[in-house]
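Numbering (this note's numbering), first residue to last: 2 to 565.
Glycine residues also receive a C-beta, built at the ideal position from the N, C-alpha and C atoms.
Nothing here was measured: the structure is a model prediction, and the numbers come from that model.
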Amino acid sequence: MAPRFGRSSLLEGLMEKGFGFCANSWRRFRCFVTLASGRPAFPVTCHTCNRNHNKGVDMRTTMRRTLAVLAVPAAAAIALAGCTAGGTENNNGSGDSSTLSLGMTADLTGGWDVVDQPPYQGWGVEAVYDNLVRCMPGGGLEPAAAESFEISDDRRSFTAVLRDGMEYSDGSAVDAASVQASFEVIKETASDRYGDITFDVPDEKTITITWPDPQPLMELRVCLPWIASTEYLASENRAAAPVGSGPYTLDQGASTSGSIYSLVKNPDFWNADAYPYERLELRVLADETASLNALKTGQIDGTIITAGSYEEAENAGLNISSSGTGLTMLHLTDRLGEKIPALGNVDVRRAMNMVLDKQSIVDSLYDGHAEPIWQPFQKGHEAYIEDLEEPYPYDVEKAKQLMADAGFEDGFTFTVPTMEGQAWTVMLPYVKQQLAELNITVEETALSGPDAIAELLSGDYPVPLWTVGGISSLEDASIHILPTGFWNVSHQSDPTVEALWQQILTADDEQRVELQQELNQYVIDQAWFVPILSPDNLYASGDGVTVDEISDPFGLHPRLIDFK
Numbered sequence: 002m003a004p005r006f007g008r009s010s011l012l013e014g015l016m017e018k019g020f021g022f023c024a025n026s027w028r029r030f031r032c033f034v035t036l037a038s039g040r041p042a043f044p045v046t047c048h049t050c051n052r053n054h055n056k057g058v059d060m061r062t063t064m065r066r067t068l069a070v071l072a073v074p075a076a077a078a079i080a081l082a083g084c085t086a087g088g089t090e091n092n093n094g095s096g097d098s099s100t101l102s103l104g105m106t107a108d109l110t111g112g113w114d115v116v117d118q119p120p121y122q123g124w125g126v127e128a129v130y131d132n133l134v135r136c137m138p139g140g141g142l143e144p145a146a147a148e149s150f151e152i153s154d155d156r157r158s159f160t161a162v163l164r165d166g167m168e169y170s171d172g173s174a175v176d177a178a179s180v181q182a183s184f185e186v187i188k189e190t191a192s193d194r195y196g197d198i199t200f201d202v203p204d205e206k207t208i209t210i211t212w213p214d215p216q217p218l219m220e221l222r223v224c225l226p227w228i229a230s231t232e233y234l235a236s237e238n239r240a241a242a243p244v245g246s247g248p249y250t251l252d253q254g255a256s257t258s259g260s261i262y263s264l265v266k267n268p269d270f271w272n273a274d275a276y277p278y279e280r281l282e283l284r285v286l287a288d289e290t291a292s293l294n295a296l297k298t299g300q301i302d303g304t305i306i307t308a309g310s311y312e313e314a315e316n317a318g319l320n321i322s323s324s325g326t327g328l329t330m331l332h333l334t335d336r337l338g339e340k341i342p343a344l345g346n347v348d349v350r351r352a353m354n355m356v357l358d359k360q361s362i363v364d365s366l367y368d369g370h371a372e373p374i375w376q377p378f379q380k381g382h383e384a385y386i387e388d389l390e391e392p393y394p395y396d397v398e399k400a401k402q403l404m405a406d407a408g409f410e411d412g413f414t415f416t417v418p419t420m421e422g423q424a425w426t427v428m429l430p431y432v433k434q435q436l437a438e439l440n441i442t443v444e445e446t447a448l449s450g451p452d453a454i455a456e457l458l459s460g461d462y463p464v465p466l467w468t469v470g471g472i473s474s475l476e477d478a479s480i481h482i483l484p485t486g487f488w489n490v491s492h493q494s495d496p497t498v499e500a501l502w503q504q505i506l507t508a509d510d511e512q513r514v515e516l517q518q519e520l521n522q523y524v525i526d527q528a529w530f531v532p533i534l535s536p537d538n539l540y541a542s543g544d545g546v547t548v549d550e551i552s553d554p555f556g557l558h559p560r561l562i563d564f565k
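Pasting the structure below:
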């Protein structure tokens, strides 16, 4: 077995391959610079932190990763590390204990339109809209606009009874007709999940939503859509201003699009007591550096941070909350070898698993704020196999032998698509270096603009490196294992997987767990993925703000209701 990389040997190995590092990187491996030799050269731009290393100037910008929770689907970006340090006294961001001021490293996606809202940093939409029911970690539901609800035994229908007296911000009633209108809008934009639903509205407070087939992901289907007034949903410009029934309303006079959004507490919200702040300010900041500096200087009360900023935030005396979620993996989707013939051989896929020292990646690249993984399902979910030994331990020599036995000792080439601000790119040079041991060349292509996500999921790049993860293993299977899953970008069918899924759809609770674990074991045996790590999601807050728990079902960051 090849020796396991230690922290310094991993760095030295990359330097021998032509990667240089900024001064702080020897301690934290945050920033590396593509150089012709291992010696620092100035001026040069650091590949990870994008700063110009010239005359000691410390100018960090950040990288953010998109966490493809994409369950709606929706992209979620998580900021990555840099190289600044130091701190200042922290004060309440607004200077007023009745105001909560949060930094956002991304502006509202789609404005205020209810149908184009990812869960990542979605505090604005969460503030002004309500859900029928509330998604909880682990996949459960809690009442929201619906005071009671029921899922039919065949998991085809969902019946909700609405609370009395609720109103939208335009004064219209929160009634069953508006709930139907909200789901009708979703039918148009997510027809694969809602296209064939029907409605029964026996009275203004009661609605039953029915699917033609059993819905193993029923909880997710009913908790994600936001509800809004019927008149608003029929308007042509839903992005301009929200008309919802959430815990806050938008103060348009005090808001500037792309800069600051000011919201006022809605005293008539059914759960108003759970939101202690009279005003909410959402400040759009350039990147993680700007947001963290704003928190340290008391301009805001909270912001997302990443592993590379953990020490800086800790040294500044900030409160740090953590939630682990998601699976960072190479998705080997061309398992039939249609575009990349080598990937049609299971031994090639297994060899790719064996050349990455995952523990060293966690220790050196993520400062321990992650956990190595070797299953394509999240810990604690039904499909996860407890006590599973690592199926493909780190062993470069054995991996080379597998390549030779498969007839691909000369290797092959594939392209990894990247997008600006992805945290996993910190490991990409190491991944490229290690796959090169198998004569596998990894090229990169940068995607940008409004069509970037569509290109990413188009199937043109059969081996994306990405972080995915939903609120249940059923959701994860539907996202990146089933042929219809949008992260199964090659959309290739497998008779074993499809047969297991059909059994899962009709199984009882105990059988469903067993079948999901059988599906997991099959995918592991066939090496459909190169699982690498599960990163920690970190949130920093200042004095006077408490986050005791993170109730976001995706574990991305605190919800508004979590701020106390």
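Spatially closest choice to residue i from the options, by CA coordinates
i, options, result
"residue 252", "236, 295, 234, 280", "280"
"residue 390", "401, 538, 373, 400", "373"
"residue 395", "381, 431, 405, 358", "358"
"residue 263", "368, 193, 128", "128"
"residue 296", "313, 308, 309", "313"
"residue 307", "318, 301, 288, 336", "288"
"residue 452", "429, 479, 418", "418"
"residue 482", "522, 444, 508, 512", "522"
"residue 412", "348, 471, 448, 177", "348"
"residue 401", "261, 356, 326, 533", "356"
"residue 268", "333, 327, 167, 207", "167"
"residue 367", "227, 426, 300, 225", "426"
"residue 217", "383, 119, 147", "383"
"residue 163", "546, 508, 246", "246"
"residue 439", "276, 404, 473", "404"
"residue 428", "557, 242, 472, 533", "533"
"residue 284", "292, 278, 98", "292"
"residue 444", "454, 433, 450", "433"
"residue 507", "541, 155, 548", "155"
"residue 250", "496, 344, 352, 171", "171"
Range covered by the beta strand (DSSP E) that runs through residue i
i, result
"residue 475", "Here residue 475 belongs to no beta strand (DSSP E); instead the alpha helix (DSSP H) covers 474 to 481."
"residue 320", "320 to 325"
"residue 1", "Past the edges of the chain, shown from 2 to 565, lies residue 1, and the structure says nothing about it."
"residue 229", "Here residue 229 belongs to no beta strand (DSSP E), and DSSP marks it neither H nor E."
"residue 373", "371 to 373"
"residue 420", "413 to 420"
"residue 100", "100 to 105"
"residue 203", "199 to 204"
Limits of the unbroken alpha helix (DSSP H) element including residue i
i, result
"residue 130", "No alpha helix (DSSP H) contains residue 130, which DSSP labels as neither H nor E."
"residue 184", "177 to 190"
"residue 433", "429 to 437"
"residue 551", "Run containing residue 551: none; DSSP gives neither H nor E here."
"residue 219", "219 to 224"
"residue 510", "510 to 526"
"residue 249", "From DSSP, residue 249 is part of no alpha helix (DSSP H) but of the beta strand (DSSP E) over 249 to 251."
"residue 397", "397 to 407"
"residue 365", "359 to 366"
"residue 496", "496 to 507"
"residue 389", "Neither: residue 389 is in no alpha helix (DSSP H) and is coded neither H nor E."
"residue 355", "347 to 355"
"residue 457", "453 to 457"
"residue 314", "311 to 316"
Cβ distance (whole Å) where residue i is taken to contact residue j below 8 angstroms
i, j, result
"residue 477", "residue 378", "6 angstroms"
"residue 122", "residue 137", "20 angstroms between Cβ atoms; not a contact."
"residue 102", "residue 387", "Wrong, their Cβ atoms sit about 42 angstroms apart, outside the cutoff."
"residue 485", "residue 328", "Actually they are not in contact, since the Cβ atoms of residue 485 and residue 328 sit about 19 angstroms apart, beyond 8 angstroms."
"residue 205", "residue 176", "4 angstroms"
"residue 550", "residue 563", "6 angstroms"
"residue 546", "residue 303", "6 angstroms"
"residue 228", "residue 146", "6 angstroms"
"residue 120", "residue 110", "So it is not a contact: roughly 10 angstroms between Cβ atoms."
"residue 567", "residue 448", "As displayed, the chain neither begins before 2 nor continues past 565, which places residue 567 out of reach and without an answer."
"residue 179", "residue 230", "6 angstroms"
"residue 322", "residue 559", "7 angstroms"
"residue 275", "residue 266", "Incorrect: roughly 11 angstroms between the Cβ atoms, too far for contact."
Contact with chain B by residue i, beta-carbon distance below 8 angstroms
i, result
"residue 448", "Of the protein chains in the structure, only one exists, and it is not chain B."
- prompt: With a cut-off of 8 angstroms, do at least 3 Cβ pairs link the segment 482 to 497 to the segment 452 to 469?
  reply: yes
query: Is it true that the segment 250 to 270 meets the segment 140 to 159, where meeting means three or more beta-carbon pairs spaced less than 8 angstroms apart?
result: no
message: Under 8 angstroms, with one C-beta from each stretch per pair, do the segment 309 to 327 and the segment 501 to 521 reach the 3-pair mark?
response: The way I'd put it, the segment 309 to 327 doesn't touch the segment 501 to 521; fewer than three beta-carbon pairs between them come closer than 8 angstroms.
task: Flag this pair as touching only if the segment 521 to 540 and the segment 497 to 507 have three or more C-beta atom pairs under 8 angstroms; answer yes or no.
output: yes
field: Entirely enclosed beta strand (DSSP E) segments - the segment 274 to 305, minimum 3 residues
entry: 280 to 285
query: Between the segment 180 to 190 and the segment 107 to 118, are three or more C-beta pairs nearer than 8 angstroms?
result: yes
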